[in-house]
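A.B. asks:
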Amino acid sequence: MDRAGLSFDQRVQAAVALVPRGRLATYGQIAELIGAYGCARQVGWALRRLPLPSAVPWHRVVNAQGRISMSPGREGSDWMQIELLRAEGIPVQADGRLPLRRYLWSPEFPLVDACSISA
DNA sequence: TAGGTGACGGACC
DNA sequence: CGGTCCGCCACCT
């Protein structure tokens, strides 16, 4: 639990929810976004715990190599991920590879907030 | 408690 | 581009 009372899983879900339809994010990117730099692996575990189907766009999270993380342990959710991404217009090859550079999402932070002190 | 296993990532060859 | 190694850390024996 963090100061806002959110568990690690909840923070991951909140971050993933920010990824727009038709765009992609990496596990490491989500980790960094929630202040857990270097904890990409745990992000994977958090998504593994996600009950499906889910309103959280978990399918938009792929690995930094630009491929769907395929694994028997996912019991088919990896293949489901390929279908969901294709449905959003992202070309995914049969082996899980995809053009990450073209669809990678970049979180937008306000350059100046309303309370900043200006000179 | 120690050791193996990942929905990872980056360095190297 | 592909294959290996290693650091990482939560889970599960």
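Start counting at 1 in the first sequence, then tack on 94, and there's your number in my numbering.
Ideal placement from N, C-alpha and C gives every residue a C-beta, glycine not left out.
1) Between Ser148, Pro147, Gln123, which has its C-alpha nearest Gln136's C-alpha?
2) Thinking just about the alpha-carbon of each residue, which of Arg191, Glu202, Gln104, Leu100 is nearest to the one in Val156?
3) Pop quiz: Arg105 and Ile128 are said to be a contact at Cβ under 8 Å. What is the actual Cβ separation, rounded to whole angstroms?
4) Whole angstroms are fine: how far does the CA of Pro185 sit from the CA of Pro193?
5) Using a threshold of 8 Å, state whether the C-beta atoms of Asp103 and Arg143 are closer than that.
C.D. replies: Looking at the coordinates:
1) Mapped onto the first sequence, residue 136 falls at position 42. For the set Ser148, Pro147, Gln123, the Cα lying nearest the Cα of Gln136 is the one of Gln123.
2) Sequence index remark: in the first sequence, residue 156 carries index 62 (1-based). Cα-wise, what sits closest to Val156 is Arg191.
3) In the first sequence, residue 105 corresponds to position 11, counting from 1. In the first sequence, residue 128 corresponds to position 34, counting from 1. Rounded, the Cβ-Cβ distance is 4 Å, consistent with contact.
4) Mapped onto the first sequence, residue 193 falls at position 99. Mapped onto the first sequence, residue 185 falls at position 91. The straight-line gap from Cα to Cα measures roughly 7 Å.
5) The residue given as residue 103 occupies position 9 in the first sequence. The residue given as residue 143 occupies position 49 in the first sequence. Yes, the pair counts as a contact, with Cβ atoms nearer than the cut-off.
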